[in-house]
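Heads up: the sequence shown begins at 41 in our numbering, then just goes up one per residue. For every residue, glycine included, the Cβ atom is placed at its ideal position computed from N, Cα and C. Below is one structure; the comments refer to it alone.
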Amino acid sequence: MAGLMFTALLCLSAAAMTVTVRGEDPYFFFTWNVTYGTISPLGVPQQGILINGQFPGPNINSTSNNNLVINVFNNLDEPFLLHCAARPNPQGSYHYGSINITRTIKLVNSVSKVDGKLRYAINGVSHVDPETPLKLAEYFEIADKVFKYDTISDEGLAEGVTTVTVAPNVVNTTFRNFIEIIFENHEKSLQSWHLDGYSFFAVA
Numbered sequence: 041m042a043g044l045m046f047t048a049l050l051c052l053s054a055a056a057m058t059v060t061v062r063g064e065d066p067y068f069f070f071t072w073n074v075t076y077g078t079i080s081p082l083g084v085p086q087q088g089i090l091i092n093g094q095f096p097g098p099n100i101n102s103t104s105n106n107n108l109v110i111n112v113f114n115n116l117d118e119p120f121l122l123h124c125a126a127r128p129n130p131q132g133s134y135h136y137g138s139i140n141i142t143r144t145i146k147l148v149n150s151v152s153k154v155d156g157k158l159r160y161a162i163n164g165v166s167h168v169d170p171e172t173p174l175k176l177a178e179y180f181e182i183a184d185k186v187f188k189y190d191t192i193s194d195e196g197l198a199e200g201v202t203t204v205t206v207a208p209n210v211v212n213t214t215f216r217n218f219i220e221i222i223f224e225n226h227e228k229s230l231q232s233w234h235l236d237g238y239s240f241f242a243v244a
């Protein structure tokens, strides 16, 4: 009887020492203090926004399903927007090396004068909006009377070609195809790009 009592007390003691374990993905906690500071990304000092005294902002090394808790303290005298970039997305549809690229388009920017006016072009075509909006022309099935698809070549601009054509510049692609776009700049100035369209998604 004493042995049974001792065994029962031992089991109760073990139960009392049991630690509750939660089976879930790990949590990582960060504190970000946002302040103004002097930065020189292009060699010229200017005022910028720092996170914990850093520019660009801090890197977070995490893996899929990690839970990130970030406490942000805004010490600026204005609201601001946080943007997280270059995050691998294993849930997405594109995986490097596992999906074939179906088309490669090289976009070469150039500058020239047309009728005495400075025009910037992509693959030798300088875009102008037609009188009828592009989507409206497609909707009413009169696109062939308003503009032409694929007036530029996928191979870019041939070397030595300086002629610029002024026309609507519309590239027709197939939905769910994976297209590699190569930006090529031969100018001495930095170029910024804006891709305008619908039913397409950028994968960096």
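Do three or more CB pairs link the region 182 to 199 to the region 160 to 173 at distances below 8 angstroms?
yes
Can you find at least 3 beta carbon pairs, one from the region 182 to 191 and one from the region 224 to 239, that sit closer than 8 angstroms?
no
Residue of Asn115, Phe95, Asn111 minimising C-alpha distance to Thr78:
Phe95
Where Lys228 sits in the DSSP three-state scheme
coil
Please state whether DSSP places Ala42 in a helix, a strand or coil.
Legend: pLDDT at Ala42 = 49, less than 50; position of this residue unreliable, no value from coordinates given.
Just curious, the beta strand (DSSP E) that Tyr160 is in, first and last residue?
157 to 162
Under the three-state DSSP convention, the category Phe241 falls into
coil
Can you have a look at Leu147 and say buried or exposed, based on whether 16 or more other CB atoms are within 10 angstroms of its CB?
buried
Here's the rule: buried if 16 or more other CB atoms are within 10 angstroms of the residue's CB, otherwise exposed. What is Asn209?
buried
Where do the N-terminal and C-terminal ends of the beta strand (DSSP E) with Val74 fall, by residue?
67 to 79
Buried or exposed (CB count within 10 angstroms, at least 16 for buried), Ala177:
buried
Please classify Phe215 as buried or exposed, where buried requires at least 16 neighbouring CB atoms within 10 angstroms.
exposed
Leu82 - DSSP class collapsed to helix/strand/coil:
coil
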